[in-house]
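First comes the structure, then the notes that go with it.
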Amino acid sequence: MVELVTVGDELVNVRHRLHAHPELGFREFDTTAYLVSQLTSHGITVAATPMKTGVVAVIDGGRPGPRIGLRADIDGLPVEEDTGLAFSSLNPGVMHACGHDLHMSGLLGAAWWLAAHRDSIAGSVVLLFQPAEETGRGARSVIDADALGHLDAFIAIHNNPDYAPGEIAIGTEPMMAGCVKFSVGLHAEGTHAGYPHMGTGPIEALASMILSLQTIVSRNSSPFHPLVLSVTAVHGGDVWNVVPAEAGFTGTVRYFHHSDGQMVERRFRRIVESTAHAYGIGADVEWDDFQDPLVGDPDLATAVAGDVDAYARLRPIRPSMAGEDFCEFERVTRLVFAFVGSNGTEGHHDWHSPQFVGFDATVQTAVRFYVNAALRVLRELE
Ligand SMILES: [Zn+2]
Ligand SMILES: [Zn+2]
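Residue numbers (my numbering): 0 to 381.
Set out below in structure tokens:
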């Protein structure tokens with residue numbers, strides 16, 4: 000049976016309050032205090048954790064059963080809001096430009112409903128209001144603090160302005176990209192620019208590397224697998240008449256399949272090292288696997304998706320090239336992840352834009368997803 004939970008003014012007001020008071024990652028102190036008050040005032044006990052920001056709470060059902068988690072991220076971004084919304088950010092230079100206010104409101108609404116119906120639930124639901132998603136380190140900090148205990152499955156959402164409120168995308172395909180940060184340092188023997196033969200130089204090798212690296216996407220990767228390799232910063236040299244000794248570049252790789260991530264690293268190191276060798280200079284590569292691709296557990300995703308049309312509209316997944324640190328929890332449990340439509344109008348602004356607008360109606364879709372996905376996953380794992 001599907002629950003058609005209806006969201007009232009109280010929760011919309013909560014959303015506006017959260018949107019107006021955004022805080023940056025690991026500094027969500029006011030947000031944390033507000034979330035605690037909204038949980039305890041609805042009879043939900045907050046768990047003690049070593050976390051400085053963020054909240055964990057547990058709703059125990061009337062009967063024993065599986066122990067699952069529901070997660071919302073809570074941080075804002077260093078963006079100056081330019082939406083003109085009546086409930087715009089009151090904190091200068093900080094904005095909920097990724098719509099995490101919608102996730103928090105949705106999870107609060109679901110928590111209120113689950114707590115009110117706990118007697119009919121078999122199992123326990125752990126709520127995580129997670130800090131610092133945007134830093135890429137928030138999920139890891141929760142795991143390191145061992146703040147959740149064992150979970151049989153973990154459910155999360157991200158709002159998505161490509162879809163309208165009332166639309167949900169969930170399935171077995173990858174949803175958010177794996178993300179690598181790379182950095183290359185080149186070490187040559189600097190010399191007078193008029194006497195280049197007296198040394199070596201990093202600049203030509205750097206130019207050659209940047210162009211050759213693009214062939215990983217065009218020649219080594221399947222055209223059916225999305226892949227990005229972008230060099231985004233280059234440095235080397237200060238003056239016009241000196242061949243510098245040092246140069247380098249940094250950038251990012253985005254991919255959806257683990258095998259592609261491994262292939263790119265292999266080819267990347269090969270191109271940089273052999274080009275450096277050909278030019279007679281040294282090179283070192285820093286390769287930071289910042290985030291894994293986010294792919295839900297196929298059995299649970301299929302089960303949850305099967306209910307969606309009864310309370311929202313199920314849409315095909317349009318994968319996002321952005322990363323999401325919820326992937327970190329894949330190391331400890333089975334994941335369920337969905338996009339919840341937040342805008343869907345023509346010409347809407349994307350996540351992280353100063354003009355990003357997520358509609359209030361998103362909260363209703365989010366609450367329905369959290370509640371119905373939780374009930375479905377509890378039944379599947381019983
Ligand atoms: Zn974001
Ligand atoms: Zn986000």
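Glycine included, every Cβ here is placed at the ideal spot set by N, Cα and C. The structure presented is a predicted model; accordingly, all values stated were derived computationally and were not measured.
Going by the C-beta, is residue i closer than 7 Å to any heavy atom of ligand 2?
i, result
"Cys178", "no"
"Trp286", "no"
"Trp400", "In the structure as shown, the chain starts at 0 and stops at 381, and residue 400 therefore has no counterpart that could be examined."
"Asp100", "no"
"His157", "yes"
"Asp161", "no"
Look up residue i in the DSSP assignment and give the residues it is bridged to.
i, result
"Phe128", "Val54, Ala71"
"Gln290", "Cys178"
"Asn158", "Val339"
"Thr30", "For Thr30, which the question treats as bridged, DSSP gives no partner whatsoever."
"Ala246", "Leu185, Gly235"
"Leu89", "Its beta-bridge partners do not exist; DSSP assigns none."
"Leu313", "Ile167"
"Leu76", "Met94"
"Asp59", "Ser123"
"Ser319", "Met175"
"Arg333", "Ala152"
Classify residue i as helix, strand or coil using the three-state DSSP reduction.
i, result
"Gly148", "coil"
"Arg253", "strand"
"Arg66", "strand"
"Val230", "strand"
"Glu285", "strand"
"His383", "Absent from the model: residue 383. The displayed extent of the chain is 0 to 381, so no value can be given."
"Leu23", "coil"
"Asp298", "helix"
"Arg16", "helix"
"Leu377", "helix"
"Phe153", "strand"
"Arg136", "coil"
"Thr190", "strand"
So is the beta-carbon of residue i under 7 Å away from any non-hydrogen atom of ligand 1?
i, result
"Cys326", "no"
"His95", "no"
"Glu133", "yes"
If you measure between the beta carbons of residue i and residue j, is that distance less than 8 Å?
i, j, result
"Gly250", "Pro243", "no"
"Thr301", "Asp151", "no"
"Glu80", "Gly53", "no"
"Ile167", "Ala311", "yes"
"Ala373", "Ile142", "no"
"Gly98", "Asn158", "yes"
"Val125", "Leu147", "yes"
"Ile215", "Leu228", "yes"
"Glu245", "His186", "yes"
"Leu101", "Gly357", "yes"
"Asp324", "Glu132", "yes"
"Phe181", "Val284", "yes"
If you drop the 5 nearest sequence neighbours on each side, which residues of the same chain put their C-beta closer than 6 Å to that of residue i?
i, result
"Pro160", "Ser341, Asn342, His347"
"Asp59", "Ser123"
"Asp291", "Gly177, Cys326"
"Val252", "Val179, Leu228, Val263"
"Pro297", "Thr171"
"Val1", "Asp306, Ala309, Tyr310, Asn371"
Kindly indicate if chain D contains any beta-carbon less than 8 Å away from that of residue i.
i, result
"Leu107", "Absence of chain D from the displayed structure is noted, only one protein chain being present."
Ordered along the chain, which non-local residues of its own chain (more than five positions away) have a Cβ less than 7 Å from that of residue i?
i, result
"Val35", "Val45, Val54"
"His15", "Phe86"
"Ala144", "Thr48, Pro49, Met50"
"Pro21", "Gly75, Ser88, Asn90, Val93, Met94, His95"
If you drop the 5 nearest sequence neighbours on each side, which residues of the same chain put their C-beta closer than 8 Å to that of residue i?
i, result
"Ala365", "Leu101, His102, Ser104, Gly105, Leu106, Gly108, Ala109, Ile156, Asn158, Val339"
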